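Structure, as structure tokens:
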Amino acid sequence: LPAKFDWRDKGIVTKVRNQGVCGGCWAFSVVGIIESVHAIKRNVLEELSVQQVIDCSYINSGCRGGSPVGALGWINQTRVKLVRDSEYHFQAETGLCRYFSRADFGVSIKGYAAYDLSDQEDKMKKLLLEWGPLAVVVDAASWQDYLGGIIQYHCSSGEPNHAVLITGYDTTGSIPFWIVKNSWGPAWGIDGYVRIKIGSNVCGIADEVSAAFL
Amino acid sequence: RSSQQEEKEEAAKWESILRIRRLNSLSNGDNTTAFYGMNQFSHLFPEEFRAIYLQSKSSKVPKFTPEVRVEEIDKP
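For the record, the sequence lines run as chains H and B. Note that the numbering used here has the first sequence beginning at 72, numbered continuously upward. Note that the numbering used here has the second sequence beginning at 1066, numbered continuously upward.
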């Protein structure tokens, strides 16, 4: 494995978005990984609709919360095609599900994986390279005040409450870290990203790891 | 905004300052570790922040075993 890897360098990660006051992080993380696998496979990077997942994934609760694994299960089972963000804009509130004709453009998935890798972060690096960016659920209570640097302490793994995606890792320095894309806008953290120490399941980053396959 | 709302946000900011001081003091001057400060969420109490932004639910997922093949997990 390379000592340092970031899918952003391959041009397959969309820009950091802002969920506003909508508790839809679960949808941002799932749409983020689908955008990336779509870009890896079809060589086209496009922003897909988060609002479609928020409005239509009936097993979740829209802007009042949801689960990335639940959303992936719904996308996989229904074979729903995610449309472009430009066709179904983010509204920061739950709305009525809009349907699109089968002829319209859309990205559907053929499968997904979801695992607990809590004592296998080395394996996670390999999966990141093989599968593309990974959606993870973390305990982000201490992220309220984060400005930069590598989170190593005061981040428990007890209460998962926020979904994000891992786009890369860096093991070249004294503290190896994951490169994690958030959905709180580019003004938060390091241009919208946060760094998490690799190796001790900091923030519970390896407790629930999922990926989508096209 | 009402003055009541402004007072509440001011109180939340003071609480944020105290929390940030505590978080930064625990880094022991280590320059690689995370640093904390005022940002777009500093006007919120932790419980408000949690209620708005931390709304992901976790799911029970199996332990990863290298033997599992990707094709096998394409089942509902």
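Backbone N, C-alpha and C define an ideal beta-carbon position, used for all residues, glycine too. Predicted, not measured: the structure shown is a model, and the values here were computed from it.
Proximal residues of chain H, C-beta to C-beta of B:A1076 below 8 Å: For the purposes of this step, residue 1076 of chain B is taken as the residue at position 11 of the second sequence. Under the 8 Å cutoff, chain H gives no residues; its nearest Cβ is about 15 Å from B:A1076.
H:L153 (DSSP reduced to helix, strand or coil): Stepping through the first sequence from its first residue, residue 153 of chain H is reached at position 82. DSSP places H:L153 in strand when its eight states are reduced to three.
Any 3 or more C-beta pairs closer than 8 Å across the region 204-221 of chain H and the region 236-255 of chain H: yes
Close Cβ partners of H:P231 (< 7 Å) along its chain, the five nearest in sequence each way excluded: Locating residue 231 of chain H in the first sequence gives position 160, where the first residue counts as 1. V208, V209, D210, G275, D278, E279, listed in sequence order.
Cβ-Cβ distance between H:R88 and H:D126 below 8 Å: The residue you call residue 88 of chain H lines up with position 17 of the first sequence. The residue you call residue 126 of chain H lines up with position 55 of the first sequence. No.
As assigned by DSSP and simplified to three states, the class of H:N272: Position 201 of the first sequence holds residue 272 of chain H. In the structure shown, H:N272 sits in coil (DSSP, three-state: anything other than H, G, I, E or B).
H:L200 versus B:S1068 - alpha carbon distance: Position 129 of the first sequence holds residue 200 of chain H. Position 3 of the second sequence holds residue 1068 of chain B. Approximately 52 Å between the Cα atoms of the pair.
Boundaries (first-last residue) of the alpha helix (DSSP H) holding B:S1081: Numbered from 1 along the second sequence, position 16 holds the residue referred to as residue 1081 of chain B. It spans 1068-1090 - the alpha helix (DSSP H) in which B:S1081 sits, taken as one unbroken run.
Contacting residues, own chain, Cβ-Cβ under 6 Å from H:G82 (five flanking each side not counted): As a position in the first sequence, residue 82 of chain H is number 11, starting the count at 1. Here the set comprises nothing.
is_contact[H:L188, chain B] using C-beta, thresh 8 Å: Counted from its first residue, the first sequence places residue 188 of chain H at position 117. Closer than 8 Å to some Cβ of chain B, the Cβ of H:L188 qualifies, so yes.
Option nearest H:W78 by Cα separation, candidates H:C226, H:A110, H:A185: For the purposes of this step, residue 78 of chain H is taken as residue 7 along the first sequence, with counting starting at 1. The option with the nearest alpha carbon to H:W78 is H:A110.
Cut-off 7 Å between Cβ atoms - residues of its own chain near H:Y183, not counting five sequence neighbours on either side: By 1-based counting over the first sequence, the position of residue 183 of chain H is 112. Answer for H:Y183: L143, N147, S281, A282, A283, F284, listed in chain order.
Inter-residue Cα distance where the pair is B:S1090 and B:S1121: For this step, residue 1090 of chain B is matched to residue 25 along the second sequence. For this step, residue 1121 of chain B is matched to residue 56 along the second sequence. C-alpha separation (whole angstroms): 30 Å.
Residues within the region 1076-1106 of chain B neighbouring chain H, beta-carbon criterion of under 7 Å: S1081, R1084, I1085, L1088, L1091, T1097, T1098, A1099, F1100, Y1101, G1102, N1104, Q1105, F1106
From H:G166, H:E164, H:Q191, H:V154, residue whose alpha carbon lies closest to that of H:F176: Here residue 176 of chain H refers to the residue found at position 105 when the first sequence is read from its first residue. Looking at the Cα atoms, H:V154 is the closest of the given residues.
Nonlocal neighbours in the same chain, by C-beta distance under 6 Å from H:P247, ignoring five residues either side: For this step, residue 247 of chain H is matched to residue 176 along the first sequence. If we look at H:P247 and ignore the five residues flanking it on each side, its Cβ neighbours are I269.
Alpha-carbon spacing of H:I105 relative to H:V251, whole angstroms: Position 34 of the first sequence, counted from the start, is the residue given in the question as residue 105 of chain H. Position 180 of the first sequence, counted from the start, is the residue given in the question as residue 251 of chain H. Approximately 16 Å, taken between the alpha carbons.
Between the CA atoms of H:A74 and B:E1113 - distance to the nearest angstrom: As a working mapping, residue 1113 of chain B is identified with position 48 in the second sequence. As a working mapping, residue 74 of chain H is identified with position 3 in the first sequence. When rounded, the distance between both Cα atoms is 39 Å.
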